[in-house]
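Here the numbering used here is used: the first residue of the sequence shown is 339, the next is one more, and so on. By construction, the Cβ of each residue, glycine as well, lies at the ideal position given by its N, Cα and C atoms. Owing to the predicted nature of the structure, the values given are computational and were not obtained by experimental measurement. Note sheet for the following structure.
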Amino acid sequence: MGRATVRAALQTFLAPTGGITVLYKDAPWEMTGDNWQTANIPGTPAFLHLDHSTESRIAMGGEHGGWKEVDYTVSLVLLYQYIIPPDLAGANKDVWTDNLDTLLDNVVNRIRSNRAANTDGSIVFEAGNQDAGIQISQDLPHWDQGGGKVRNWVRVEFKVTEMVPA
């Protein structure tokens with residue numbers, strides 16, 4: 339197993355989450371506008387980032403038996419963008435948060451839906467199921483007055499455990 343296998347399993351598991359337009363393995367070196375908009379429907383490009391990993395031996399039956407527990411701290415970075423309607427007369431000025439809240443609920447519900455990230459447990463033993471297993475850090479919104487957009491970058495950090503024979 340290893341990092342590439344865990345990352346691929348997480349990408350496959352999280353890619354169909356409602357509201358995510360495209361999910362990259364890590365920060366892409368370039369993104370174009372079609373990552374945000376598809377047929378006039380706002381979307382959110384995202385990428386995974388394996389922030390940190392630790393490894394511990396879990397030995398039963400002496401020094402030659404047991405398992406290694408590899409714990410990863412994973413960030414799912416969401417690059418949310420809301421297109422401000424051209425007719426602002428009477429428009430609710432904070433409606434942009436509705437789709438963002440739905441997106442975040444979709445992501446958390448997807449992580450909760452299967453603790454092994456749709457693997458048989460041999461790749462991902464558990465994801466987001468540990469103490470403080472899912473944490474959300476949200477940047478302050480940024481307004482692009484000239485372009486009519488509100489942008490909000492969000493990081494959904496979750497813990498992933500991989501068990502490998504040792």
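Counting C-beta pairs closer than 8 Å gives fewer than three between the segment 381–394 and the segment 468–479, which falls short of the contact rule.
Under the criterion of beta carbons closer than 8 Å, L414 and V445 qualify as touching, at roughly 6 Å.
Fewer than three beta-carbon pairs drawn from the segment 453–461 and the segment 478–488 are found closer than 8 Å, and the two stretches are therefore not classed as touching. Per DSSP, reduced to three states, the secondary structure at Q473 is strand. In this structure, T350 keeps its C-beta atom at 8 Å or more from the C-beta atom of P383. Per the DSSP secondary-structure output, L416 pairs in a beta bridge with A384, V492. Contact between W405 and V488 fails: their C-beta atoms lie close to 46 Å from each other, not under 8 Å.
Non-local C-beta neighbours of I474 in its own chain, meaning closer than 6 Å and more than five positions away in sequence, comprise V494, ordered along the chain.
Residue pairing of R395 in beta bridges, as defined by DSSP: K406. L442 is a Cβ neighbour of V492, given a cutoff of 8 Å. Taking a C-beta distance under 8 Å as the contact criterion, V408 and E464 do not qualify as a contact pair.
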